[in-house]
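Just so we're aligned: 90 in full-length UniProt numbering is position 90 of the sequence shown, and the numbers increase by one with no gaps anywhere. Reviewing the structure listed below.
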Amino acid sequence: MRQSVKVLHMTTLHHPLDPRIYYKQCASLKKAGYDVTLLAPVPSDIKEGEVPFEPLPKYKSRWKGLLFGTVRAYFRARKKKADVYHIHDPELLPVGWLLKKKGNHVIYDIHEDYETGIVQRQYFNQPVRKFIAFIYKKVESVCTRKMELILAEKYYQEKYPKGTCILNYPLLQEKLTGIDRSFEKADSLLYTGNVTKDRGALQHAVLPGAADHLNVHLYGYCPENLAAEMKQTAGKNAAQLHLHGEGYYVPKKDIDAAYAQNGWLAGVALFPKTEHYMKKELTKFFEYMAAGLPVLCSDYPAWKKFMDTYRCGICVDPENAEEIKTAVETLRQNPAEAKAMGERGRKAVREHLHWGREEEKLTALYDRLNGIKAGEDDDR
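Below, the structure is given as C-alpha cells:
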C-alpha cells in the first residue's frame with residue numbers, strides 16, 4: 001500500500017541534506033515504504049542516497065531565489081503529481097495552496113516561529129518588520145486552511161492548536177550515545193548549528209576569555225563578514241576561537257565526527273535574550289545530551305526549567321562574564337559532576353527524547369492521511 005503513495009518533500013530555502021528534512025523525515029518515510037522524493041536546490045557535489053532528489057537550481061541572490069526558485073518549484077512539483085506534498089518553507093505556502101487538490105494532501109512543516117522571527121530580523125526598521133509579520137500571518141492563515149500542519153516545537157501549539165507535534169529530536173547513533181567520556185583534561189567548548197548573532201555568535205566569541213587555555217569550536221555555516229566580527233570580538237583570544245564553517249555549509253557527518261571527539265567540556269548555547277528563542281527547546285540541547293555532554297546555555301525560564309528537569313546543564317546570564325566564568329570553572333573543577341550531567345542527559349535521550357518516537361508519529365500521520373490502517377501490509 002505505502003509503495004503506491006508518491007510523496008514529494010519540498011524546500012527552496014534549506015540545504016538538501018538538512019537533518020530534519022532528509023535524514024529524519026524523508027529517510028523515515030522511505031524506510032516505512034513510501035515512494036519519497038526531495039525537491040530542493042542540490043549542489044553538484046552531493047550524490048543521491050536512498051532518497052532521490054528532484055533538483056532545483058540554486059540562486060546566489062536571496063530575492064531571485066524567492067521569486068524564480070518558488071515559481072520553478074511549483075511547476076516541478078505539479079509535474080510530479082504526488083499524493084502528498086510536504087513543504088518546509090514559508091515561501092512555499094502559495095505553492096502548497098496551488099498544489100492542493102481534492103485527491104491529494106499538502107503538509108506544512110513549521111520549523112520556526114516565523115511571525116516572531118520576522119519581527120526580530122534586522123533587515124528593515126521595526127514598523128516595517130511588524131507589517132511584514134502581519135502580512136505573513138494573513139497569507140499563512142489563508143494558505144493553510146486545507147493543509148495539515150506539522151510542528152517542530154511543542155510551544156507552537158499555542159499558535160497552531162490543530163498542528164501535530166513531530167519534534168526535532170536526534171537520531172540515536174551508538175557511536176555517539178556509546179562514547180565513554182572523560183572530563184579530567186577537557187579544554188574545549190562545542191557549538192553546533194548555523195552561526196548568527198541571534199544565536200549567540202558574539203557571546204560565543206568572547207568565551208575563550210572565560211578561562212585559561214579554553215578553546216571554543218563552532219561547527220556550522222557562518223557568513224564571512226560575521227566570522228571577521230567574531231574574531232575581532234575575541235581580541236587577543238582569537239586563536240582559541242575555531243570556526244568550522246566560515247563561508248560554507250557543514251555537513252551532518254562532520255558535525256557527528258565533532259560530537260564523537262573527546263576533550264569537550266560542554267555544549268554551548270549562549271543566545272542573547274530574544275522573544276524568538278524564549279520558549280524553544282533547541283535541537284542542539286538534545287544532540288549535546290545524546291553525545292553525553294553537559295549543556296551550558298542562557299537562563300531563559302523555559303531553558304532553566306528544562307535543565308532543572310533533566311539535571312544536565314548549567315544556565316547563565318549570557319551577558320554576565322562572571323557567571324559564565326564561574327560556570328566554566330565549575331565544570332573544569334568538577335569533572336565527575338560534568339560526566340554525571342552528561343550521563344543524565346544521555347539517559348533522557350535514550351529513553352524518550354529521540355527521533356524513533358517522532359518517526360512513529362510521522363508514519364502514523366501519513367498512514368491516516370492515505371487511509372492505511374495500523375498493521376496493514378505495506379507491500380514491501
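Cβ atoms here follow ideal geometry from the backbone N, Cα and C, with glycine treated the same way.
In the three-state reduction of the DSSP assignment, C26 falls in the helix class, which pools H, G and I.
In the three-state scheme derived from DSSP, where H, G and I count as helix and E and B as strand, E184 is classed as coil. In this structure C26 does not touch G96 by the C-beta definition: roughly 17 Å separates them, more than the 8 Å allowed. Within its own chain, the residues whose Cβ lies closer than 7 Å to the Cβ of K137, once the five positions on either side in sequence are excluded, are E115, listed in chain order. The C-beta separation of G263 from G342 comes to about 13 Å, leaving the pair out of contact by the 8 Å criterion. Within the same chain, and ignoring the five residues on either side of E148 in sequence, the residues whose Cβ sits closer than 8 Å to its Cβ are H105, V106, I107, Y108, T164, L365 and L369. Within the same chain, and ignoring the five residues on either side of L38 in sequence, the residues whose Cβ sits closer than 6 Å to its Cβ are H9, C26, V51 and F53.
Selection Y85, V349, E287 and K154 evaluated against D113 yields K154 as nearest (Cα-Cα).
Assignment of Y219 by DSSP, reduced to helix, strand and coil, places it in the strand class. Straight-line spacing of the CA atoms in H15 and Y249 works out to 8 Å. Exclusion of the five residues before and after H213 leaves D187 as the residues of its chain whose Cβ lies within less than 7 Å of its Cβ.
Proximity of the segment 298-311 to the segment 340-356 meets the contact definition, three or more beta-carbon pairs being nearer than 8 Å. Approximately 19 Å separates the beta-carbon atoms of A210 and K284; this is outside 8 Å, ruling out the contact. Here L67 is exposed. Its C-beta has fewer than 16 other C-beta atoms within 10 Å. For P94, the CB contacts under 7 Å within the same chain, skipping 5 residues up- and downstream, are C143 in chain order.
Short of 8 Å from the beta carbon of L17, and not among the five residues preceding or following it, lie these beta carbons of its own chain, in chain order: Y23, I46, P251 and K252. When rounded, the separation of the alpha-carbon atoms in L243 and A32 is 38 Å. I110 and E358 do not touch by the CB rule: their CB atoms are close to 14 Å apart, not below 8 Å.
Per DSSP, D35 is one residue of the beta strand (DSSP E) stretching across D35 to P41. In this structure, L241 sits away from P294, with a CB-CB distance that is not shorter than 7 Å. The closest CA to that of N168, considering only Y160, L353 and R129, is found on L353.
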